[in-house]
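Q: Residue numbers (my numbering), protein chains in the order written: chain C, 1 to 289; chain R, 1001 to 1305; chain L, 2001 to 2249.
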Amino acid sequence: MDFLPFLLVQCLNALSQAALLFFLGVGLTLIFGIMRIVNFAHGTFYMLGAFLGYSAAHLSGSFWFALIAGPIIAGGVGAAFEIGLLRPLYRRGDSAFLMVTFGLTLVLGDITRLLWGVDPLQISLPNALGAIVFLFDEPFPTYRLFLAAAGIIVAVAIWQFLERTRLGLLIRATSQNAEMVHALGVNVNLVRSGIFGIGCGLAALGGVLAAPMVTASLGMAGNAIIDAFVIVIIGGMGSFLGSLLAAVLVAFVQVFGTYYFPDFALAAMYLLMLLVLMIRPGGLLGKEI
Amino acid sequence: MRGLVIAAILLAAAPLGLPPFATTLLTEALILGLLAMSLDLMVGYTRLISFGHAAAYGLGAYACGDLLIHTRLPLPFAIFLSASITGIVGIGVAWVCTLAKGVSFSMLTLAFAQLLYAIAFKWTAVTGASDGLAGIPRRVGPFGLTQFQTRNGYYYLVLGCLLGAYAFCRVLVRSPFGAVLRGIRENEPKTISLGYNTRLCKIAIVAISFMLGGLSGALYAPFAGFANTDLLFWLFSGQVLIMVIVGGQGTLLGPIVGAAFFMLLEHVLSQYTDSWALFFGLIFIGFITFAPDGIWGLFRRRVRI
Amino acid sequence: MALLELDGLTKRYGGLTAVNGVAMRVEAGEVRAVIGPNGAGKTSLFHLITGVVPATSGDVRFDGNSLNRMSSYRRCQTGLSRTFQLTSLFSEMTARENCRVAAQARLRGRWQPWGGTQIFREAAARGDEALERLGLTAIAGRSAGLLSHGDQRLLEVAMALSQRPRVLLLDEPTQGLSVEETITAVETLAGLLVDGKLTVLLVEHDMEVVFRLAQKITVMHRGSVIADDVPSVVRRDPAVQAAYLGGYA
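#1: Check each residue of the segment 2041–2059 of chain L: if its Cβ is closer than 8 Å to any Cβ of chain R, include it; give the result in chain order.
#2: Of the residues R:A1008, R:L1004, R:G1017, R:G1033, which one's Cα is nearest the Cα of L1219 of chain R?
#3: Taking 8 Å as the CB-CB limit, is Q1114 of chain R close to chain C?
#4: Applying a beta-carbon distance threshold of less than 8 Å, which residues of chain R neighbour P71 of chain C?
#5: What residue range is occupied by the uninterrupted beta strand (DSSP E) comprising V2194 of chain L?
#6: Give the residues of chain L in contact with N1197 of chain R, contact being defined as C-beta atoms less than 7 Å apart.
#7: For Y1196 of chain R, name the three-state secondary structure that DSSP assigns.
#8: Taking M1042 of chain R as part of the alpha helix (DSSP H), name the residues at either end of that continuous run.
#9: Does any C-beta atom of chain R lie closer than 8 Å to the C-beta of P2173 of chain L?
#10: Output the distance between the C-alpha atoms of R2164 of chain L and V2019 of chain L, rounded to the nearest integer angstrom.
#11: Exposed or buried, E2097 of chain L, counting other C-beta atoms within 10 Å across all chains shown (16 or more means buried)?
#12: Short of 7 Å Cβ to Cβ, which residues in the segment 1122–1142 of chain R face chain C?
#13: M273 of chain C touches chain R at which residues, Cβ-Cβ below 9 Å?
#14: Would you call the segment 1022–1031 of chain R in contact with the segment 1188–1204 of chain R, where contact means no fewer than 3 C-beta pairs closer than 8 Å?
#15: Where does H2221 of chain L fall in DSSP's three states?
#16: Against chain L, does K1190 of chain R count as a neighbour if the rule is that its beta carbon must be under 8 Å from one of theirs?
#17: At which residues does the beta strand (DSSP E) containing E179 of chain C begin and terminate?
#18: Just by C-beta distance, which residues in the segment 1156–1186 of chain R are closer than 8 Å to chain L?
#19: Measure the CB-CB distance between P1255 of chain R and M1037 of chain R and report whether it falls below 8 Å.
#20: Residues of chain R with CB closer than 9 Å to the CB of C2076 of chain L, please, in chain order.
#21: Identify the contact partners of G2115 of chain L in chain R, using a Cβ-Cβ distance below 9 Å as the criterion.
#22: Given a cut-off of 8 Å, decide if S2072 of chain L and G2051 of chain L are closer than it, judged by their beta-carbon atoms.
#23: Which partner residues of I2035 of chain L appear in the DSSP bridge assignment?
#24: Select from the segment 78–98 of chain C all residues with a C-beta closer than 9 Å to any C-beta belonging to chain R, and list them in chain order.
#25: Using beta carbons (cut-off 8 Å, strictly below), is G1102 of chain R in contact with chain C?
#26: Should I1049 of chain R be labelled buried (16 or more other beta-carbon atoms within 10 Å of its own) or exposed?
#27: By the 7 Å beta-carbon criterion, what residues does the segment 226–245 of chain C contribute toward chain R?
#28: Would you mind telling me which residues of chain B sit closer than 7 Å to S1275 of chain R, beta carbon to beta carbon, in chain order?
#29: May I ask which residues mark the beginning and end of the beta strand (DSSP E) holding K2011 of chain L?
#30: If distances are taken between C-alpha atoms only, which option among C:A69, C:G84, C:A173 comes closest to M35 of chain C?
#31: In terms of residue numbering, what span does the alpha helix (DSSP H) encompassing M2024 of chain L cover?
#32: Helix, strand or coil for I1305 of chain R, going by three-state DSSP, please let me know.
#33: Return the residues of the segment 2019–2030 of chain L that lie within a Cβ-Cβ distance of less than 8 Å from chain R, sorted by chain order.
#34: May I have a chain-ordered list of the alpha helix (DSSP H) segments no shorter than 4 residues that lie completely inside the segment 1086–1167 of chain R?
#35: Label I1305 of chain R either buried or exposed according to how many other C-beta atoms from any shown protein chain fall within 10 Å of its C-beta, with 16 as the threshold for buried.
#36: Excluding five sequence neighbours on each side, which residues of the same chain lie with their C-beta closer than 6 Å to the C-beta of R144 of chain C?
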């Protein structure tokens, strides 16, 4: 293959990978930005989304239905958790949240195992998405194109939501000064639960979308949480654009790293993180510490 | 202090009265207790919440395994050398991780442990990849000593290391250096403004914590006879943190109790169910929410009232 | 030669100039107040002197040595002790322990990872002395987080004092205090300064406090120094009156 077509195909690959990473990172960063909570269970919601998506697709026979049902159910679980367990901890330090959500990781992970078993599960795609297209005479899975498009659509949608809508304004206001918003007569607790639910739902959406490529498995949670952490560290904790930028950067490093240095692809991601941290300890678009 | 002496005597007498399988279980509990205590230096005394302490354990275990398999070093020397190596690696880890503060620090420790996990899968020559290192011998020596090869002898080696490490930690946290750690725990910006180089201080305590964690891993490798990637797994890091919190952070002894508690719990639970993670998680959430001072804290509150 | 010298000290945040070419000489034994309306750059000036934020340009010299390249903690070690605008303590330690940790920072062997009885004793002695000078001996055994706000502010001064500083930097020591608490605090501080041995740089809002304590006043407005003299002159300066004092004098 010539260099230019190769480059374009790899870039598309990277973009589809970036979309998945973005779904993972953006929920985590939204939750942190607004609530100052690091949700350790984020990777578990990603995994939960994949399993829920499998069941929804299996029962309804429609991947599209799974794409909607999985995130909504996972988001509901997340919101319920926020109301039941996180709310009583708001007067405690950051680390209490980190540890409680770690406890949730164990509990949810085990419940998932009890409900779905230990074997990986495959979600089948509708014909339109399962096909192969030819780009520069090279076969390329349609699904990857779909992923890249989905990533762009969701990123734009979230951005417009935060910038343009009344609710988005409320969310940004809550992240800056929760007490003030509370004083203005807004139910801050409701906003927080909602955000936590939406964040978890976004992770689950990523999970449903990833499942057809990597199958739904219990091991997803661990890898996902590390990826998500790396993305928010690189992008800057709480920065929406930062998570987008970091997802793209990490995806390109992963894709091209795997091609050129297959043995060090994983280390490349960490080296990137180290480099960013040394130059800007708060992340690319984060506040300086 | 009197309670401590009694506990030490009871532990020293334990192998004489216990059935062999219980001695083995107790040995493992003490090894894990040492690991949890080493993490307590970071979590309880400096408020550096590490989600990657399995890295220290795994490093120590692999280092010790390789030393015992590939060299003729006597057992205790291999163990102490492994602990030192882990401590030196710990300096590097600490240097990177302390670039960040608060929850970012926690994330970095996790990422670092995960990096080692990935390396352990690739670096077959040193780690045996997914098979791990098997058949790690308890080598004779020094001076032809064979006592450490027996079950009880190894138990006493572990107990000795634990008591020594406890004495070391106790002196450390009560020293002027320990007072600075406490300052960092409560208010780091203020500690800096008083003229302390807190970054250096944090690097030192992370390295010491790694060294003791490495000691614990180094004790585990010849005890179990193998070392594999499970020792570096991120869930294991979390479990050690759970032991520290549930046992009682900032008390040194509490985490040892916590480790023993979870060993026992796992042993009992595994006879009835394979959902140990579920129970671990629920117990942990319960402690964080209702008893952040852990078992040790509950016990002390009882005694005071 | 002045003990603390600032020259052309400037800090820009993007387009905003928080501190603009500030020059100042603080002689040993002098009590100097820095005043100015909100946003005049007083606290930023403190941050620049103590190195919490790096200066965009300009010099800070202490006892003839440049501090420009020193990190925050090193500047403290040379003998600059400060308090914070928002009280910053070790709230789970007792008042005595707070002062002990502060004093320890200036002792040989402050890092020592073993023993330390001797170091603790020396540090505690210095701390107790500082607590006594601020009239806090009675509450020395109480947990710092449980003290009244007024006592907390004084405790922070005691911590700085137990470091035996060569220059004491006080950032609004009466901030947030009630009228009675302010009077107590000011009289306590005035008592400290009676013997003229302490060099103090004081940021303050409350004019009563400034005129009671300071021998010299530097007035800042929008990041720049607009007046620098003894209180009686500053009081009559028309530019100062326009910028800040209003009808006070």
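Where is the CB? At the ideal position from N, CA and C, for every residue including glycine.
A: For this structure:
#1: Residues T2050, V2052.
#2: For L1219 of chain R, the closest alpha carbon among the candidates R:A1008, R:L1004, R:G1017, R:G1033 is that of R:G1033.
#3: Contacts with chain C at 8 Å (Cβ-Cβ) include Q1114 of chain R.
#4: Under the 8 Å cutoff, chain R gives no residues; its nearest Cβ is about 23 Å from P71 of chain C.
#5: Taken as a continuous stretch (DSSP letters only), V2194 of chain L belongs to no beta strand (DSSP E), as it is neither H nor E.
#6: Neighbours of N1197 of chain R on chain L, chain order: Y2073.
#7: Of the three classes helix, strand and coil, the one that applies to Y1196 of chain R here is coil, per DSSP.
#8: Under the DSSP assignment, M1042 of chain R falls in the alpha helix (DSSP H) whose first and last residues are 1020–1046.
#9: Not one chain R Cβ lies under 8 Å of P2173 of chain L.
#10: A straight line joining the alpha-carbon of R2164 of chain L with that of V2019 of chain L spans about 29 Å.
#11: Buried is the call here.
#12: Those residues of the segment 1122–1142 of chain R placed with their C-beta closer than 7 Å to a C-beta in chain C are K1122, ordered along the chain.
#13: Within chain R, the residues near M273 of chain C are L1108, A1111.
#14: In this structure the segment 1022–1031 of chain R does not lie against the segment 1188–1204 of chain R, because fewer than three pairs of beta carbons, one per stretch, are closer than 8 Å.
#15: H2221 of chain L falls in the strand class under three-state DSSP.
#16: Output row for K1190 of chain R: interface = yes.
#17: Going by DSSP, E179 of chain C is part of no beta strand (DSSP E) but of the alpha helix (DSSP H) stretching over 178–183.
#18: From the segment 1156–1186 of chain R, only V1171, L1172, R1174, S1175, P1176, F1177, G1178, A1179, V1180, R1182, G1183, E1186 have a Cβ closer than 8 Å to chain L.
#19: For P1255 of chain R and M1037 of chain R, yes; Cβs fall inside 8 Å.
#20: From the beta-carbon of C2076 of chain L, the residues of chain R found nearer than 9 Å are I1192, S1193, L1194, G1195, Y1196.
#21: Simply V1171, R1174, S1175, P1176.
#22: A contact, by the Cβ cut-off of 8 Å.
#23: Partner(s): L:V2219.
#24: Taking 9 Å as the upper bound on Cβ-Cβ separation, chain R lies near residues L85, P88, L89, R92, G93, D94, S95, A96, F97, L98 of the segment 78–98 of chain C.
#25: Judged by the 8 Å Cβ criterion, G1102 of chain R is in contact with chain C.
#26: So I1049 of chain R counts as buried.
#27: Residues of the segment 226–245 of chain C that bring their beta carbon within less than 7 Å of a beta carbon in chain R comprise I226, F229, V230, I233, M237, in sequence order.
#28: Protein chains in the displayed structure are C, R and L, and chain B is not among them.
#29: In the DSSP annotation of this structure, the continuous segment of the beta strand (DSSP E) that includes K2011 of chain L starts and ends at 2004–2013.
#30: Looking at C:A69, C:G84, C:A173, the one whose alpha-carbon comes closest to that of M35 of chain C is C:A173.
#31: Careful: M2024 of chain L lies outside any alpha helix (DSSP H), inside the beta strand (DSSP E) at 2016–2026.
#32: Low per-residue confidence applies at I1305 of chain R: pLDDT is 39, beneath 50, and the placement is therefore not dependable enough to give any value.
#33: Those residues of the segment 2019–2030 of chain L placed with their C-beta closer than 8 Å to a C-beta in chain R do not exist.
#34: Fully enclosed alpha helix (DSSP H) runs of 4 or longer: 1102–1122, 1124–1127.
#35: With a pLDDT of only 39 at I1305 of chain R, under 50, the local geometry of the prediction cannot be trusted, and the value read off the model is given with reservation. Under the 10 Å beta carbon count, I1305 of chain R is surrounded by fewer than 16 other beta carbons and is classified as exposed.
#36: Hits under 6 Å: S16.
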